[in-house]
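The numbering used here numbers the first residue of the sequence shown as 475 and each following residue consecutively. Virtual Cβ for every residue (Gly too), placed ideally from N, Cα, C.
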Amino acid sequence: MGYKNVCLNCNIAFSTGMDYNDVRESNCTQCNEQMILVNHKFKPPKKTDIAGWKLVRFLIEKGLRFGAAYDNNHVRVQYPKTLEEAKEFVKNHKAPFPVIR
Ligand SMILES: [Zn+2]
Numbered sequence: 475m476g477y478k479n480v481c482l483n484c485n486i487a488f489s490t491g492m493d494y495n496d497v498r499e500s501n502c503t504q505c506n507e508q509m510i511l512v513n514h515k516f517k518p519p520k521k522t523d524i525a526g527w528k529l530v531r532f533l534i535e536k537g538l539r540f541g542a543a544y545d546n547n548h549v550r551v552q553y554p555k556t557l558e559e560a561k562e563f564v565k566n567h568k569a570p571f572p573v574i575r
């Protein structure tokens, strides 16, 4: 368990460690922008994977934080793998999205 901080400027993610008393958003060590706290299950794309990071940015902007997601019947759903799937996903899974768990 734990959380990750993501910087959408630099396309990088940092683990924040295991200390739940010390979970907070912090600033990127590279560009000093505020980073976004996401679930530890988040797997960052490779730095060179532009499409992958586009998808990550899209999902984060829609409020997703990569925690477990469930549909209206409480069935666990998989996160989309492409931007096209992601657009369908946010259409079908309206906010409030599951946040960090
Ligand atoms: Zn940065």
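Going by Cα to Cα distance, which pick from the options is closest to residue i?
i	options	result
ILE510	THR522, ASP523, LYS520 and PHE488	PHE488
LEU482	ALA543, LYS555, LEU557 and GLY526	GLY526
GLU499	GLY476, TYR544 and ALA543	GLY476
ALA542	PRO554, CYS502 and PHE532	PRO554
LYS515	THR503, ASP523 and GLN552	GLN552
ASN546	VAL480, LYS565, LEU529 and THR522	LYS565
ASN506	LYS521, LYS520, PRO518 and CYS484	CYS484
GLY537	THR490, ALA560 and ASN501	ALA560
TYR544	CYS502, GLN508, GLU562 and HIS567	HIS567
Since residue i and residue j should fall inside the 8 Å C-beta cutoff, what is the C-beta to C-beta distance between them, to a whole number of angstroms?
i	j	result
PHE532	LEU557	6 Å
GLN504	ILE486	7 Å
LYS478	VAL530	Wrong, their Cβ atoms sit about 11 Å apart, outside the cutoff.
Does the separation of the CB atoms of residue i and residue j fall below 9 Å?
i	j	result
VAL549	PRO518	no
| request: Please write down, chain order preserved, every residue whose beta carbon lies under 5 Å from a heavy atom of ligand 1. | output: Residues close to ligand 1 by the beta carbon criterion (under 5 Å to any non-hydrogen atom) are, from first to last along the chain, CYS481, ASN483, CYS484, CYS502, GLN504 and CYS505.
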